[in-house]
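The sequence shown begins at 1 in full-length UniProt numbering and counts up one residue at a time.
Shown next, in structure tokens, is the structure this report addresses.
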Amino acid sequence: MSDRFAVLQLDDLPARRCSCGTTRRGFIAESEGQASVHLLQVQDAVTHHHRIATEYYVVLAGEGEIELDGVRHPARPMSAFLIKPGCRHRAIGDLTVLLVSLPAADDTDEYFDA
Numbered sequence: 001m002s003d004r005f006a007v008l009q010l011d012d013l014p015a016r017r018c019s020c021g022t023t024r025r026g027f028i029a030e031s032e033g034q035a036s037v038h039l040l041q042v043q044d045a046v047t048h049h050h051r052i053a054t055e056y057y058v059v060l061a062g063e064g065e066i067e068l069d070g071v072r073h074p075a076r077p078m079s080a081f082l083i084k085p086g087c088r089h090r091a092i093g094d095l096t097v098l099l100v101s102l103p104a105a106d107d108t109d110e111y112f113d114a
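Have a look at this one:
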């Protein structure tokens with residue numbers, strides 16, 4: 001790694017459970033928390049929102065839906081979604097998603113309806 005760039009293989013990163021399924025998160029430390037890139041495998045996603053983070057979802061594989069503030073939108077390969085702070089969201093279906101979070105993903109910035 002250089003101080004001017006970083007390289008990683010997302011599918012080689014360790015998987016961890018998240019509110020949307022299973023995620024492999026990269027570049028959190030390398031970006032000094034400014035951004036992160038995730039390989040997300042959707043399963044049993046729970047509706048949630050962020051107060052700080054903006055997320056970009058790009059569907060890589062599969063078909064399903066992305067629910068944004070209660071409205072379901074079809075999702076298939078190359079569908080892209082911009083999810084701003086406060087938007088309640090979840091992914092539905094068998095989807096593989098490239099997710100970019102600005103700033104970097106932070107589990108303390110995840111809120112669930114009671």
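Each residue gets a CB set at the ideal place from its N, CA and C atoms; glycine is no exception.
In this structure, threonine 54 places its C-beta atom within 8 Å of the C-beta atom of proline 85. Annotated as distal: glycine 93 and valine 37, with beta-carbon spacing of 8 Å or more. Comparing C-alpha distances from serine 19 to each of Val7, His49, Arg72 and Gln34 shows the shortest one belongs to His49. Rounded to the nearest whole angstrom, the C-alpha separation of threonine 47 and alanine 6 is 32 Å. Unbroken beta strand (DSSP E) stretches of 3 residues or longer found wholly inside the stretch 52 to 113: 54 to 68, 71 to 75, 80 to 83 and 89 to 102, given in chain order.
Counting the other CB atoms within 10 Å of its CB gives alanine 104 a total of 16 or more, which places it among the buried residues.
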